[in-house]
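Structure, as C-alpha cells:
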Amino acid sequence: AQTVTQSQPEMSVQEAETVTLSCTYDTSESDYYLFWYKQPPSRQMILVIRQEAYKQQNATENRFSVNFQKAAKSFSLKISDSQLGDAAMYFCAYRADQMNRDDKIIFGKGTRLHILP
Amino acid sequence: EPEVTQTPSHQVTQMGQEVILRCVPISNHLYFYWYRQILGQKVEFLVSFYNNEISEKSEIFDDQFSVERPDGSNFTLKIRSTKLEDSAMYFCASSELGVGDEQYFGPGTRLTVT
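Heads up: the sequence lines are chains A and B, in that order.
So the first sequence is numbered by our numbering: it starts at 67 and just counts up by one.
So the second sequence is numbered by our numbering: it starts at 59 and just counts up by one.
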C-alpha cells in the first residue's frame, strides 16, 4: 500500500526567508502524481503544486517549488520569500497515475508552518 | 471560477442521529469523492462515485455511510446513526475526467457529534 510521510509536525520561518518542508512516500508504482496542498485556518484544501512522476523537471509555481527525487522517493516543498499568508498546514499527497483505476488521494499527516513577522 | 460548494459549513448533531452532508460539485464534473479529516489528523479517503455508483470505498466507509446523487447537481453523504468518532471535517471533491484528472476540493463541513 502507498504511504506518505511528513516527519516535521511544525516548522517556523522568518518572513521573507526560505523554508523547505519534507515529504517521503512509498509506492511500488513507477508512474504517479505528487501534490502539496495548503490548508489555512479556514480549513479549505488548496492545491499548491503538482508533480508528475514521469517528469524529471521539478515543478515550480511562483514562490513554490519542489525537489522531486524519484529514486529516493522524496518530494520536498520549498517556499521562497515567505509571506504571512503562507501560514497554514501543508499536506503532501500521492495519487496513482491514470493507468491505474485507483484515483484516491493519499495524504501525509501534515506540517504546520508558522511565519514569524 | 467554478468551485465545489458544501453545506452546511458546520453541523452539530446528537449521537445516534442521522446526518446528511451536501455538496454541489463543479457542473461539468462526473467524478465525486468524499474525504474525512479528524481534528489534528490527516485527510482520509472515504469513497469515490461515478455514473451513479460507488467506484471505490475505504475501510472507514462502512454500512453506516451512504452516498447519493439525488439530482443533477447535488452529491450527498449520509451517516445513518452518528457516533462520537464521526466528528470530523468532511471534504467533498470532484473531477471532470476521473483517474489522472485534478480533484477540486470544497471548503468542508465540520461535523460535531455530541
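For every residue, glycine included, the Cβ atom is placed at its ideal position computed from N, Cα and C.
Since the structure is predicted, the reported quantities are computational estimates derived from the model, not experimental observations.
- With a contact defined as Cβ atoms closer than 8 Å, TRP92/B and VAL70/B miss out at about 19 Å.
- Identification of chain B residues near PHE157/A by a Cβ-Cβ cut-off of 8 Å yields LYS100 and VAL101, ordered along the chain.
- Taking each of SER94/A, GLN72/A and SER131/A in turn and checking the Cα distance to LEU113/A, the smallest one comes out for SER131/A.
- DSSP places LEU104/B in the strand class (E or B) of the three-state scheme.
- DSSP places GLU81/A outside both helix and strand once states are collapsed to three, so it counts as coil.
- Distance from the CA atom of GLU154/B to the CA atom of ASP147/A, rounded to whole angstroms, is 34 Å.
- Secondary-structure assignment with DSSP links HIS180/A through a beta bridge to SER78/A.
- The three-state secondary structure of LEU100/A, taken from DSSP, is strand.
- In terms of Cβ geometry, TYR99/A and PHE157/A do not form a close pair [threshold 7 Å].
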